[in-house]
Amino acid sequence: MIPYGRQDITQEDIDAVVAVLRSDFLTQGPQVPLFESAVAEYCGARHAIAVNSATSALHIACLALGLEPGDWLWTTPVTFVASANCGLYCGARVDFVDIDPRTYNLCPQALERKLIAAERTGRLPKVVVAVHLCGQPCNMAAIHALGQRYGFKIIEDASHAIGGKYKGEPIGGSRYSDITVFSFHPVKIITTAEGGMALTNDAELANRMALLRSHGITRDTAQMTHAPDGPWYYQQIDLGFNYRMTELQAALGVSQMARLDDYVARRHQLALRYDELLVGLPVTTPWQHPDGYSGLHLYAIRLQLERIGSSHRQVFEALREQGIGVNLHYIPVHTQPYYQTMGFQAGDFPAAERYYAEAISLPLYPHMTDDQLEQVVAALAHALRPGRMKNAPFEL
-5 MIPYGRQDIT
5 QEDIDAVVAV
15 LRSDFLTQGP
25 QVPLFESAVA
35 EYCGARHAIA
45 VNSATSALHI
55 ACLALGLEPG
65 DWLWTTPVTF
75 VASANCGLYC
85 GARVDFVDID
95 PRTYNLCPQA
105 LERKLIAAER
115 TGRLPKVVVA
125 VHLCGQPCNM
135 AAIHALGQRY
145 GFKIIEDASH
155 AIGGKYKGEP
165 IGGSRYSDIT
175 VFSFHPVKII
185 TTAEGGMALT
195 NDAELANRMA
205 LLRSHGITRD
215 TAQMTHAPDG
225 PWYYQQIDLG
235 FNYRMTELQA
245 ALGVSQMARL
255 DDYVARRHQL
265 ALRYDELLVG
275 LPVTTPWQHP
285 DGYSGLHLYA
295 IRLQLERIGS
305 SHRQVFEALR
315 EQGIGVNLHY
325 IPVHTQPYYQ
335 TMGFQAGDFP
345 AAERYYAEAI
355 SLPLYPHMTD
365 DQLEQVVAAL
375 AHALRPGRMK
385 NAPFEL
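Every letter in the sequence shown is one number past the one before it in the numbering used here, and letter 192, counting from 1, is 186.
Right, dumping it as structure tokens:
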């Protein structure tokens, strides 16, 4: 089986983790700050807070921005559920903004229309989570301008996008947002096995998130309510969580960072080869906005179903039967049963729903070979073979 994504672990990675296992610190040691510094420096951000998952990073980002019961969080329906769930964790209400049919990201025009209507009813969002789907950055300049006009805070869910750029600057610099979040899950661009990070240029937000990731406990005397009882003393000054990243994870992350640019460059080589080989097949290949340099976590095609004699499911299953580990990113969040109990229903976000009806994520990872890629395309051509097509045949 050729998987849709896979980690790349080298001997250098293994040595880095083993060195931690032989050290004095398995947690709360020097590797986490080192990893935070490496990512912050790469992205051009002032502060970075490493945590145990991107979901945790989204949660503490929302809390740091003051999201609370009675507030609204808006995001895209085409994302993993965590981009919306983080609002519910804070007791806020969640709504969605339909996608741009070319980039599959949150559509700024749809956002503006929804903001105009929400302003009339007093239901403006406090936080908008802009998700860089597949690694392609959203139109952050437009979203930021709307944030300035309507007063909402912005989180970039860049779980797919480390190593990418927007308007020539690294994603994560948070020029157009308050906080940016990365994921280091094994299938992401770099991995710490599990893990995430929140980046910001605001020292107050950084301090707040650092406090929340470790039970709300501080040893900083400046934050205490009174002088410490002794050198052992700490205070819990907020209700936080155990969201810390381990030293093992951070050491792996530091090692992986050395290959980040190479990983993204190889993803672009593979994507370009896909673009070339898929010409003539009844599929729509990913469109890249000229303002962005995608991290290319995913290569998502859309089936031109009007030209295909098979269903979306039949093509997907035909690929799996041939040993191609395709996937689908994502099922629109508003169609999930949990969200439908809140009143969402099919038809609410038509562009997102059409994307879901046509999308398939093809395998893409740095050590994927050219031969494997050609095997994927041959399998796709077989799944779309002319006998199943409604119109003219095609050639690979």
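All C-beta atoms, glycine included, are put in the ideal place defined by N, C-alpha and C.
Since the model is a prediction, treat every value here as computed from it, not as a measurement.
### Query
How many Å lie between Arg0 and Pro225 at the Cα?
Arg0 and Pro225: Cα-Cα distance of roughly 46 Å.
### Task
Alpha carbon to alpha carbon, how far is Tyr98 from Asp391? Give it in angstroms, no decimals.
What the structure shows of the chain is the stretch from -5 to 390, and residue 391 is not part of that stretch, so it cannot be assessed.
### Query
Assuming Gly286 and Tyr160 make a contact with CB atoms under 8 Å, what is their CB distance in whole Å?
Their Cβ separation, rounded to whole angstroms, is 5 Å, which keeps Gly286 and Tyr160 in contact under 8 Å.
### Task
Tell me, to the nearest whole angstrom, how far the beta carbon of Phe146 is from that of Leu100; I am working on the premise that it is less than 8 Å.
Not confirmed; about 13 Å, so no contact.
### Task
May I ask you to report which of helix, strand or coil DSSP gives Asp256?
Judged by DSSP in its simplified three-state form, Asp256 adopts helix.
### Task
Could you tell me which of Asp214, Gly190, Tyr36 sits nearest to Ala48, measuring between CA atoms?
Of the residues Asp214, Gly190, Tyr36, the one whose Cα lies closest to the Cα of Ala48 is Gly190.
### Task
Give the range of the beta strand (DSSP E) segment to which Thr174 is assigned.
That run of the beta strand (DSSP E) goes 173 to 177.
### Within 7 Å, strictly: CB atoms of Arg96 and Trp66
No, the Cβ-Cβ distance between Arg96 and Trp66 is not below 7 Å.
### Task
Please name the residue, chosen from Tyr227, His209, Ala152, that lies closest to Leu193 on a Cα-to-Cα basis.
If we check each option's Cα against that of Leu193, Ala152 comes out closest.
### CB contact flag (His262, Leu292, <7 Å)
The criterion of a C-beta distance shorter than 7 Å is not satisfied by His262 and Leu292.
### Task
Grab the span of the alpha helix (DSSP H) containing Tyr(-2) for me, first residue to last.
From DSSP, Tyr(-2) is part of no alpha helix (DSSP H); its letter is neither H nor E.
### Message
Classify Phe74: buried if its beta carbon has 16 or more other beta carbons within 10 angstroms, exposed otherwise.
### Response
Result: buried.
### Query
Which residues bound the beta strand (DSSP E) around Thr335?
Unbroken run through Thr335: none, as it is neither H nor E.
### Task
Figure out for me which residue from Ala252, Leu313, Leu15, Gln308 has the closest Cα to the Cα of Glu35.
Glu35 has its Cα closest to that of Ala252, out of Ala252, Leu313, Leu15, Gln308.
### Message
Gly157 and Leu254 - do their beta-carbons sit closer together than 7 Å?
### Response
Their beta carbons are under 7 Å apart, which means Leu254 touches Gly157 by this criterion.
### Message
Classify Glu389: buried if its beta carbon has 16 or more other beta carbons within 10 angstroms, exposed otherwise.
### Response
Low per-residue confidence applies at Glu389: pLDDT is 46, beneath 50, and the placement is therefore not dependable, though the value from the model is reported in the following sentence. Flag for Glu389 reads exposed.
### Query
With 16 other CB atoms within 10 Å as the buried threshold, where does Phe19 fall?
Counting Cβ neighbours within 10 Å, Phe19 comes out exposed, since fewer than 16 surround it.
### Residue nearest to Thr70 in terms of C-alpha spacing, selected from Asn79, Pro63, Glu62
When Asn79, Pro63, Glu62 are compared, the shortest CA-CA separation from Thr70 is found for Asn79.
### Task
Could you give the DSSP three-state label for Met383: helix, strand or coil?
At Met383 the pLDDT is 46, less than 50, meaning the model places this residue with poor confidence and gives no usable figure here.
### Query
For the region 204 to 269, which segments carrying the beta strand (DSSP E) assignment without a break, of at least 3 residues, lie completely within its bounds, in sequence order?
DSSP runs (the beta strand (DSSP E)) wholly in the region 204 to 269: none.
### Task
Go through its chain and collect everything with a Cβ distance to Asp223's Cβ below 6 Å, but skip five positions before and after it.
Closer than 6 Å at the Cβ level, and outside the excluded window around Asp223, lies no residue.
### Task
Starting from the N-terminal side, write out each stretch of the beta strand (DSSP E) that is 3 residues or longer and does not extend beyond the region 268 to 349.
Complete beta strand (DSSP E) runs here, min 3: 293 to 297.
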